[in-house]
Amino acid sequence: MTANPGDQTIFIQDTVNWQVGQIIVITTTEVKDSRDWHRNEERIITAILRTSLGAAGQNSVITAIQLNSPLDYKHFGGKEYQAEVALLSRNVVVQGDTNSLPTDAWPIACNNTNSPNEKSTFPCQNSYLTGFGGHIIVDGSQGTKPTGRFSGVEMFRVGQTNIIGRYP
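So, in structure tokens, the structure goes:
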């Protein structure tokens, strides 16, 4: 189901165990999606309602999620494709300190100076090269092969730019 600008309730196909107060993202359904131009929107859940659609015995359960503020953009939802809705809040957070942010985050995107009529942008070669965030290392002892499985963990300001094996 398409969510339009001004809507403060969205409908999703699944039942979720999300909670009021958590943060979600509704992804863009526009053709262009880049670091400097996107239509992704973050909102806080204010209520969650589960309901059924369809005739008796053929019900499909959907979830209505009320948002803390109206949507700014249209998020298409149809048979062909639909916006994704993801939970950003997590109960366990691994994060680097405030010094973990890249110090060279500008410019955010570059244009092709050889083709002034070209409107597309791309990541700049000289930005986002720094950054030294937190990371998790799973290390086996006595020659055993290490295995680490993480689920439902938020990682913020993590990864170490240009260091092999130190990405988030």
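Following this note's numbering, the numbering of the sequence shown begins with 882 at its first residue and continues without gaps.
Each residue gets a CB set at the ideal place from its N, CA and C atoms; glycine is no exception.
* Straight-line CA distance for H919 to T932? -> 31 Å
* **Contiguous alpha helix (DSSP H) assignments of at least 4 residues, all confined to the segment 885-911** => The DSSP assignment places no complete run of the alpha helix (DSSP H) inside the segment 885-911 (cut-off: 4 residues).
* To do: Would you mind sorting E922 into buried or exposed? The rule is 16 or more other CB atoms within 10 Å of its CB.
  => buried
* Asked: Does the Cβ of G977 have 16 or more other Cβ atoms within 10 Å, making it buried, or fewer, making it exposed?
  -> buried
* Where S933 sits in the DSSP three-state scheme -> strand
* Please work out which residues of its chain come closer than 6 Å, Cβ to Cβ, to A884, disregarding the five sequence neighbours upstream and downstream, and give them in chain order. => I891, L952 and H956
* To do: Just confirm the distance between the C-beta atoms of A964 and T927, as a whole number of angstroms; I'd bet it's less than 8 Å.
  => Separation of the CB atoms of A964 and T927 is rounded to 19 Å, and the pair is thereby denied contact status at 8 Å.
* Count the other CB atoms, across all protein chains shown, that sit within 10 Å of the CB of V1019; report buried if there are 16 or more and exposed otherwise. => exposed
* To do: State the Cα-Cα distance for the pair L969 and I946, rounded to the nearest angstrom.
  => Taking the straight line joining both Cα atoms gives about 15 Å.
* Taking just the CA atoms, how far does T908 sit from M1036? -> 19 Å
* To do: Kindly indicate which three-state DSSP category S970 falls into: helix, strand or coil?
  => coil
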